[in-house]
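Take a look at the structure below.
In my numbering, the protein residues as written are 110 to 423.
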């Protein structure tokens, strides 16, 4: 009898008293992931972003250089530029030909592949896993199964609400819809990326408890902290989009009439690209560190349950 009482007193009752095993949200890993895009795979991400962003930028700078002699539009960006003006500029202003030429498209595609693959290698290396192509691809399939319907449904509902309020005739609501609807779909892409990252990490670790449990754990890794993940993912996506846009806006306002200006835009884009690569690496590390800690917490919980069951049956 005394032995049984001593067993009940000694058995574990919670993991929350262990600081290292206490559940933590993604914000807890902002500083530990501060290395960001540095490291061998981080440099690959930066290089890939350079190809993604500099390919179109070089084409755009070349167009400005050629067009500055006959077009005043680069110096008057935002002055009564309607949707029809944009269409005419795209179809008849030469941009379509200059920005979609073969080298630009190839650089863009190669850069995207490099960013995606180096990002996967960086994540796997952060938590000590081996990155395989099959795991990378099957993780995307898992994301379609557990992420596309709920996340797409929420995005569609928010977009519908914003479209409805935007048609109310109030200027404030119209502007809210104008900026909010693109942000909704940007948030969808960013959050689907997060779900993909959790799915491929789970596959790389080996779903030892079965495929259904793997999907459940990957789903809960995202939905256990929806507000924190939304702010991290959407904030990062907005910042990565804002920086190149500011350089593009500067290019519109100044034009490309001199060689100095063209090189200035290029150097600014290089700086922005480096920052974007670091931001992407930072988000990849945050998600990897969070997933690794979450997996440790799940294992500790399973061990605790097993210990309780053994104690109850002894």
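Virtual Cβ for every residue (Gly too), placed ideally from N, Cα, C.
Residue i versus the options, residue with shortest Cα-Cα distance
i	options	result
residue 305	144, 260, 419	260
residue 232	252, 420, 313	313
residue 345	279, 273, 308, 390	390
residue 382	325, 357, 400, 403	357
residue 286	294, 275, 295	275
residue 393	161, 230, 162	230
residue 135	339, 144, 236	339
residue 309	386, 410, 253, 342	253
residue 156	145, 218, 223, 130	223
residue 159	385, 400, 404	385
residue 144	398, 341, 289	398
residue 350	307, 266, 295, 334	295
residue 242	271, 257, 225, 258	225
residue 238	130, 219, 315, 216	315
First through last residue of the alpha helix (DSSP H) which encompasses residue i
i	result
residue 273	257 to 275
residue 136	From DSSP, residue 136 is part of no alpha helix (DSSP H); its letter is neither H nor E.
residue 147	It is not in any alpha helix (DSSP H) - residue 147 carries neither H nor E in the DSSP assignment.
residue 327	320 to 332
residue 342	335 to 363
residue 300	280 to 314
Distance between beta carbons of residue j and residue i, contact taken as under 8 Å
i	j	result
residue 227	residue 336	So it is not a contact: roughly 29 Å between Cβ atoms.
residue 370	residue 363	6 Å
residue 221	residue 293	Not confirmed; about 23 Å, so no contact.
residue 150	residue 234	6 Å
residue 307	residue 396	7 Å
Alpha-carbon spacing of residue i relative to residue j, whole angstroms
i	j	result
residue 413	residue 422	14 Å
residue 373	residue 280	38 Å
residue 416	residue 298	41 Å
residue 244	residue 407	21 Å
residue 402	residue 328	15 Å
residue 142	residue 324	25 Å
residue 246	residue 240	11 Å
residue 359	residue 353	10 Å
residue 387	residue 301	20 Å
residue 263	residue 148	36 Å
residue 188	residue 283	Low confidence applies to residue 188: its pLDDT is 49, below 50, so where it sits in the model is not reliable, and the reading given next is rough at best. For residue 188 and residue 283, the distance between alpha carbons rounds to 20 Å.
residue 251	residue 368	49 Å
residue 311	residue 326	8 Å
residue 404	residue 342	21 Å
residue 249	residue 318	20 Å
residue 182	residue 355	The predicted model places residue 182 with a pLDDT of 49, which falls under 50 and marks its position as unreliable, so this point remains unresolved.
residue 330	residue 322	12 Å
residue 185	residue 376	Caution is warranted here: a pLDDT of 49 is assigned to residue 185, below 50, making its placement in the model unreliable, and the coordinate value is therefore given only provisionally. Cα to Cα, residue 185 sits roughly 23 Å from residue 376.
residue 265	residue 290	10 Å
residue 347	residue 410	37 Å
residue 400	residue 139	13 Å
residue 273	residue 255	28 Å
residue 216	residue 270	38 Å
residue 333	residue 320	20 Å
residue 152	residue 137	25 Å
residue 146	residue 278	45 Å
residue 257	residue 303	12 Å
residue 218	residue 130	42 Å
residue 418	residue 132	22 Å
residue 236	residue 268	36 Å
Any non-hydrogen atom of the ligand FMN within 7 Å of residue i CB
i	result
residue 334	Ligands are entirely absent from the displayed structure, and the ligand FMN is therefore not among its contents.
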